[in-house]
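Let me begin by presenting the structure, written as structure tokens, before commenting on it.
There are 2 protein chains.
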Amino acid sequence: MAPRWKGKSSETKALADPMSKIVLELQSSLTQSEAHALLSGCSALLAVEAEQTDLLNRACLGRPIVTAEKDKQWFQLGMEEAFYLSHSLKCLRIFGEDNCPINNEELWQYMNSKKRTFPLFYKAYSHLRERNWVVRSGSQYGVDFVAYRHHPSLVHAEYAVLVLSEGDDDANGRLRVWSDFHCTIRLCGSVAKTLLVLNINKNDQGTVSPSCLEHYAVEERTIMRWNPEQCREDQTIVENVIK
Amino acid sequence: MAPRWKGKSSETKALADPMSKIVLELQSSLTQSEAHALLSGCSALLAVEAEQTDLLNRACLGRPIVTAEKDKQWFQLGMEEAFYLSHSLKCLRIFGEDNCPINNEELWQYMNSKKRTFPLFYKAYSHLRERNWVVRSGSQYGVDFVAYRHHPSLVHAEYAVLVLSEGDDDANGRLRVWSDFHCTIRLCGSVAKTLLVLNINKNDQGTVSPSCLEHYAVEERTIMRWNPEQCREDQTIVENVIK
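Line order of the protein sequences matches chains Y and P. The opening position of the first sequence corresponds to residue 1 in the UniProt record's numbering, with each subsequent residue numbered one higher. The opening position of the second sequence corresponds to residue 1 in the UniProt record's numbering, with each subsequent residue numbered one higher.
Right, dumping it as structure tokens:
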């Protein structure tokens, strides 16, 4: 399925302003300003000024929060987003709920305690982000994430992402029965997304520390309906059969 | 959600020809002709003449199969359908693959050996059929069954049915995580069906014989999205709040 750009000039705009460049700029800006965010339940709250507001919005990280403060814009970062900025891009320090800085090991433990699936979900999130996909929650479509080729204002989400881990009790338990498969595939079809299953193999590494992540392997599969009628009428196949 | 009739006169037609009456006629006709079907894998095959062909089609039981035989019409009955005609309506005898008649106890064992979820699915199927719903496979919508108020040629399916059984390993394992919930609810919404969850409580009866079925309890729940915006704008609620 080809990317569905929003409007005529969107593709040109996206090509002129690659996501990798935007994220690099954000990384550099947050590093320079020694940015830090405060843990709050399953989110981290980050206050930034105009330039970084723009960069966070363009990188599609976090959600802006409306507050009475005029000179600062607060952003609410999801767990994967906060850990990605802190652990992967190394441009954000996280402070605990007691206002003390916490390191990546502690943050990893905290995230895991809040969400059993965090190690698998974070591996999937970072895997896609590192490849310059914009990754957002997929809850609206009953999947774990949706992945955009560029900013959602320019393009529709291309992939509906489910994170699985065969034989792993920490996985989300999706796609184990046919009815779930049918439901997911049918919904993906009706919202013009391709189902992308990321199967995470922990390679017996467990979840003790974030260093485990390096050993996790990610296997990507896209799943689509196979329509025998359509395939039969495919001219190239028909021609091959005739030959 | 109101039933969506197909065309203007469909509701009148349905009212004039209740499903309960059609099924009674079929039951009486099959009993008189001492009808029997042959087990074949997960189906039972039944050969009938013109009158019963019409009744089976009107009751929406089985699927007609195209064969070279001119005077007989073959129908392929699903497992729940065959067991319903044999065990519940007592109007069909079933012959095994060795061409010997088998009783309901043996048929029950056979069905269970073919499909682990059979006891739960059959309870759900018969529960709805006894209440004059037309029940068909829900695989197209990623659910276990769909339920129609009358024949599918007159009305769209109203309910997408999932069969659950809390804490039961034989259940289909659906709706255990939020993403599955979101997926199912979203799909049901987009195809204008209400999600009906039938939760079967086996009351510690196991699955040894079909007599267990009498002790199974069925709990019905319909599940819908709750839209806070819509509810807030509901005039009656606003008025009550103002008072």
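Even glycine gets a Cβ: it sits at the ideal position worked out from N, Cα and C.
Taking the alpha carbon of Arg-186 (chain Y) as the reference point, which residue from Y:Leu-38, Y:Tyr-141, Y:Ala-82 has its own alpha carbon closest? Y:Tyr-141
Beta-carbon spacing of Asp-168 (chain P), Leu-198 (chain P) below 9 Å: no
Tell me, please, whether the CB atom of His-150 (chain Y) is closer than 9 Å to any CB atom in chain P? no
State the Cα-Cα distance for the pair Ile-242 (chain Y) and His-182 (chain Y), rounded to the nearest angstrom. Below a pLDDT of 50, predicted positions are generally treated as unreliable, and Ile-242 (chain Y), at 49, falls in that range; the measurement from the model is reported next regardless. In a straight line, the C-alpha of Ile-242 (chain Y) is about 34 Å away from that of His-182 (chain Y).
Reduced DSSP category for Leu-164 (chain Y) - H, G, I as helix; E, B as strand; rest coil: The answer is strand: DSSP assigns Leu-164 (chain Y) an E or B state.
Alpha helix (DSSP H) segment containing Tyr-84 (chain P), residue limits: If you look at Tyr-84 (chain P), you'll find it isn't in any alpha helix (DSSP H); DSSP assigns it neither H nor E.
Mapping DSSP to helix, strand and coil, what is Pro-3 (chain Y)? Per DSSP, reduced to three states, the secondary structure at Pro-3 (chain Y) is coil, with no helix or strand assignment.
Spatial distance of Arg-149 (chain Y) from Ile-65 (chain Y) (CA atoms): 25 Å
Rounded to whole angstroms, what is the Cα-Cα separation between Arg-116 (chain P) and Arg-174 (chain P)? The alpha-carbon atoms of Arg-116 (chain P) and Arg-174 (chain P) are separated by roughly 15 Å.
Does the beta carbon of Glu-229 (chain P) sit closer than 9 Å to a beta carbon anywhere in chain Y? It does not; no Cβ of chain Y falls within 9 Å.
Range covered by the beta strand (DSSP E) that runs through Arg-93 (chain P): 93–95
Outcome for Arg-136 (chain Y) when other beta-carbon atoms lying within 10 angstroms are tallied against a minimum of 16: When all chains shown are included, Arg-136 (chain Y) counts as buried.
Out of P:Gln-205, P:Glu-220, P:Ser-28, P:Ser-139, which one is the CA nearest neighbour of Cys-188 (chain P)? P:Ser-139
Own chain partners of His-215 (chain P) with C-beta closer than 8 Å, once the 5 adjacent residues on each side are dropped: Taken in chain order, the residues that qualify are Lys-202, Asn-203, Gln-205.
Whole-Å CB distance - Asp-180 (chain Y) paired with Val-163 (chain Y), under 8 Å assumed: With a Cβ gap of about 14 Å, Asp-180 (chain Y) and Val-163 (chain Y) do not count as contacting.
Is there a C-beta anywhere in chain P that falls below 9 Å from the one on Cys-183 (chain Y)? yes
Closer than 9 Å at the beta carbon, the chain Y residues around Asn-112 (chain P): What Asn-112 (chain P) touches in chain Y: nothing, since even the nearest Cβ is about 18 Å away.
Compare the C-beta of Gly-78 (chain Y) against all C-beta atoms of chain P and say whether one is closer than 9 Å. no
Could you check the C-alpha separation between Lys-123 (chain P) and Glu-49 (chain P) for me, to the nearest Å? 30 Å
List the residues of chain Y that Asn-172 (chain P) touches, going by C-beta distances under 8 Å, in chain order. The answer, in chain order, is Val-177, Ser-179.
Nearest residue (CA-CA) to Arg-129 (chain Y), options Y:Glu-11, Y:Ser-20, Y:Leu-15, Y:Pro-3: It is Y:Ser-20.
Following the continuous alpha helix (DSSP H) through Ala-59 (chain P), name the residue where it begins and the one where it ends. 50–59
With DSSP as the reference, label Arg-131 (chain Y) as helix, strand or coil. In the displayed model, Arg-131 (chain Y) falls within coil according to three-state DSSP, outside both helix and strand.
Can you find the residues in the same chain that come closer than 8 Å, C-beta to C-beta, to Cys-212 (chain P), ignoring five residues on each side of it along the sequence? Pro-119, Lys-202, Gln-205, Gly-206
Continuous alpha helix (DSSP H) stretch holding Arg-186 (chain Y): start and end: 178–190
Leu-196 (chain P) lies in the alpha helix (DSSP H); which residues open and close that run? For Leu-196 (chain P), no alpha helix (DSSP H) segment is defined; the enclosing uninterrupted segment is the beta strand (DSSP E) at 194–201.
Under a CB-based cut-off of 9 Å, is Tyr-122 (chain P) close to chain Y? Tyr-122 (chain P) does not count as touching chain Y.
With 9 Å as the threshold, decide whether the Cβ of Leu-187 (chain Y) is near any Cβ in chain B. In the structure shown, chain B cannot be found, because the protein chains are Y and P.
Could you tell me whether any Cβ in chain Y is nearer than 9 Å to the Cβ of Gly-138 (chain P)? For Gly-138 (chain P), the answer is yes, since a Cβ of chain Y falls inside 9 Å of its Cβ.
Can you find a C-beta in chain P that's less than 9 Å from the C-beta of Val-155 (chain Y)? no
Residues sharing a beta bridge with Leu-38 (chain Y), DSSP: Y:Leu-45, Y:Phe-95
Residue of P:Tyr-125, P:Phe-83, P:Leu-89 minimising C-alpha distance to Glu-106 (chain P): P:Phe-83
Using the Cα positions of Ala-59 (chain P) and Met-111 (chain P), report the straight-line distance between them to the nearest angstrom. 22 Å
Give the interface partners of Gly-142 (chain P) over in chain Y, defined as CB-CB distance under 9 Å, in chain order. Trp-178, Ser-179, Asp-180, Phe-181, His-182, Cys-183, Thr-184, Ile-185, Arg-186, Leu-187
I need the straight-line Cα distance from Ala-68 (chain P) to Asp-170 (chain Y), nearest angstrom please. 54 Å
Contact criterion: CB-CB distance below 9 Å. Does Ile-242 (chain Y) meet it with respect to chain P? The predicted model places Ile-242 (chain Y) with a pLDDT of 49, which falls under 50 and marks its position as unreliable; any figure quoted below should be read in that light. No - not a single Cβ of chain P is within 9 Å of the one on Ile-242 (chain Y).
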